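Everything on this sheet refers to the single structure shown next.
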Amino acid sequence: MSQTAIPFHFFRGGTSRGPYFRREDLPEDSETLARVLVAAVGSGHKLNIDGIGGGAAVTTKVAMLSRSDTNDCDIDYFFAQVSVEDRLVDFKPTCGNILSGVGPAALEMGLIAPQGEVTRVRIRSVNTGAKVEAVVRTPGGQVDYAGEAAIDGVPGTAAPIYLNFMDVVGSATGALLPTGALRDMIDGIEVTCMDVAMPIAIARAADFGLSGYESVEELDANRDFYARMEPIRREAGRRMGLGDVSQSVTPKFALLAPPRNGGTICARYFMPWNCHPTMAVTGAQCLASCVLTPGTVAEGLFCPPEGTPALVLIEHPGGAIDVTVDYETGPAGFTLKSAGLLRTARLLARGELMVPEAVWSGK
């Protein structure tokens, strides 16, 4: 046969979208796996015309699932970010929006059995080691996709999926502040380098001559900003112990500004070579932690939320996302216990995804 068929489920997870596979249905070695994912998504063309990607970083994401062999988790979630045009695959980061679909996908694939009206799926991120509990509605033993929950960036409403993130501090670097400082000066810009669920270099929009309220289109058209930002991001990655990040999507980059629509803070999140249309779930956790940590670049831009758990509402280009953060502050500084978010997901299609046989065989 000239093509290889791969069983898949196609989900919208949060404000992202992509294929969900059983890990056992894909090549074991990373080089062949990357080739298969590039072909599946159609990386190499701005519209991903020869694959099922959607021509944007939020629609070229892949989830690979398997039963976990750890005692405290049910499902292992392995994530891949496929580039839109460069035929690159990054296995370093994770994605919280795509994670929103992991619980429903695991149930649909038969990797876990429903537990009643509500099923709690314990998930381990293979990429980062983080552990997340997803609470999924399963009335009558079936995943419920219809409901009253709305998230900015997605039209309509759907059944809520509650995510509770644990063990996310130092996900990639092993430290909340990988450089050892609350602020670093890089090329004349103050940056907070923080690692909570996702390593991010965080700066103030005003320091780049921006308001922080620009649209995605305005920011992506501002190539002078990207030319200034990218060397800072690369140096931040080096200082965070991530090495040469020129071909990696981590660390991400974010800009902060005072809120203007009743939120805690306003943010623009970069993936990193274009602006996210809304906000990444992992990014939201890191930015919320930045807000709650005294002495970061966020200080002075907002009125701190009172008490713990604290509700941090982050304004983004598509609306807002809220993060409930359970934390402590003391002599050791900021200590994150857990971060909770509400997301939704929907099964869009299922069947077999075809890739050229030569891609799999390498011939």
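When the count follows my numbering, it moves up by one through the sequence shown with no breaks and lands on 1337 for the last residue. We put the beta carbon where it would ideally sit given N, CA and C, even for glycine. Remember, it's a predicted structure, so these values are computed and weren't measured experimentally.
Of the listed residues the options, nearest to residue i (C-alpha basis)
| i | options | result |
| --- | --- | --- |
| residue 1308 | 1076, 1267 and 1183 | 1267 |
| residue 1104 | 1327, 1311 and 1318 | 1311 |
| residue 1264 | 1250, 1251 and 1241 | 1241 |
| residue 1024 | 1328, 1336 and 1120 | 1328 |
| residue 1212 | 1115, 1233, 1173 and 1199 | 1173 |
| residue 989 | 1330, 1320 and 1331 | 1320 |
| residue 1027 | 985, 1082, 1155 and 1193 | 985 |
| residue 1086 | 1126, 1040, 1113 and 1102 | 1040 |
| residue 1013 | 1043, 1060, 1253 and 1050 | 1060 |
| residue 1124 | 1022, 987 and 1260 | 987 |
| residue 1214 | 993, 1148 and 1079 | 1148 |
| residue 1093 | 1049, 1065 and 1131 | 1049 |
Span of the alpha helix (DSSP H) around residue i
| i | result |
| --- | --- |
| residue 1259 | 1255–1266 |
| residue 1200 | 1197–1213 |
| residue 1006 | 1004–1015 |
| residue 1073 | 1070–1073 |
Range covered by the beta strand (DSSP E) that runs through residue i
| i | result |
| --- | --- |
| residue 997 | Unbroken run through residue 997: none, as it is neither H nor E. |
| residue 1187 | Unbroken run through residue 1187: none, as it is neither H nor E. |
| residue 1278 | Looking at the DSSP string, residue 1278 is not in any beta strand (DSSP E), and its letter there is neither H nor E. |
| residue 1332 | That residue, residue 1332, is in no beta strand (DSSP E); its alpha helix (DSSP H) goes 1331–1335. |
| residue 1240 | 1239–1244 |
| residue 984 | 977–987 |
| residue 1293 | 1293–1304 |
| residue 1287 | 1284–1290 |
| residue 1180 | Premise fails: residue 1180 is in no beta strand (DSSP E) and is neither H nor E. |
| residue 1158 | 1158–1160 |
| residue 1020 | Here residue 1020 belongs to no beta strand (DSSP E), and DSSP marks it neither H nor E. |
CB of residue i within 8 Å of CB of residue j, strictly
| i | j | result |
| --- | --- | --- |
| residue 1298 | residue 1281 | no |
| residue 1244 | residue 1228 | yes |
| residue 1098 | residue 1167 | no |
| residue 1135 | residue 991 | no |
| residue 1176 | residue 1216 | no |
| residue 1056 | residue 1164 | no |
| residue 1063 | residue 1037 | no |
| residue 1187 | residue 1234 | yes |
| residue 1293 | residue 1127 | yes |
| residue 1296 | residue 1286 | yes |
| residue 1143 | residue 1150 | yes |
| residue 1082 | residue 1117 | yes |
| residue 1333 | residue 1015 | no |
| residue 1340 | residue 1225 | Nothing can be reported for residue 1340: it is not among the residues displayed for the chain, which extend from 975 to 1337. |
| residue 1108 | residue 1139 | no |
Sheet register partners of residue i (DSSP bridge)
| i | result |
| --- | --- |
| residue 1099 | 1051 |
| residue 1169 | 1173 |
| residue 1083 | Beta-bridge pairing links residue 1083 to no other residue. |
| residue 1035 | 1055 |
| residue 1136 | 1109 and 1316 |
| residue 1066 | DSSP output for residue 1066 lists no bridge partner at all. |
| residue 1234 | Beta-bridge pairing links residue 1234 to no other residue. |
| residue 1163 | 1160 |
Alpha carbon of residue i to alpha carbon of residue j, nearest angstrom
| i | j | result |
| --- | --- | --- |
| residue 1246 | residue 1222 | 9 Å |
| residue 998 | residue 1053 | 14 Å |
| residue 1336 | residue 1005 | 10 Å |
| residue 1203 | residue 1248 | 11 Å |
| residue 1122 | residue 1250 | 25 Å |
| residue 1161 | residue 1199 | 13 Å |
| residue 1323 | residue 1070 | 21 Å |
| residue 995 | residue 1030 | 20 Å |
| residue 1331 | residue 978 | 5 Å |
| residue 981 | residue 1072 | 18 Å |
| residue 1101 | residue 1275 | 33 Å |
| residue 1152 | residue 1205 | 18 Å |
| residue 1058 | residue 1008 | 13 Å |
| residue 1033 | residue 1305 | 43 Å |
| residue 1129 | residue 1237 | 21 Å |
| residue 1067 | residue 1169 | 12 Å |
| residue 1183 | residue 1196 | 12 Å |
| residue 1181 | residue 1159 | 12 Å |
| residue 1290 | residue 1190 | 10 Å |
| residue 1089 | residue 1146 | 33 Å |
| residue 964 | residue 1155 | Nothing can be reported for residue 964, as the shown portion of the chain is limited to 975 through 1337. |
| residue 1192 | residue 1000 | 39 Å |
| residue 1302 | residue 1018 | 46 Å |
| residue 1283 | residue 1208 | 34 Å |
| residue 1074 | residue 1279 | 26 Å |
| residue 1132 | residue 1045 | 31 Å |
| residue 1325 | residue 1042 | 24 Å |
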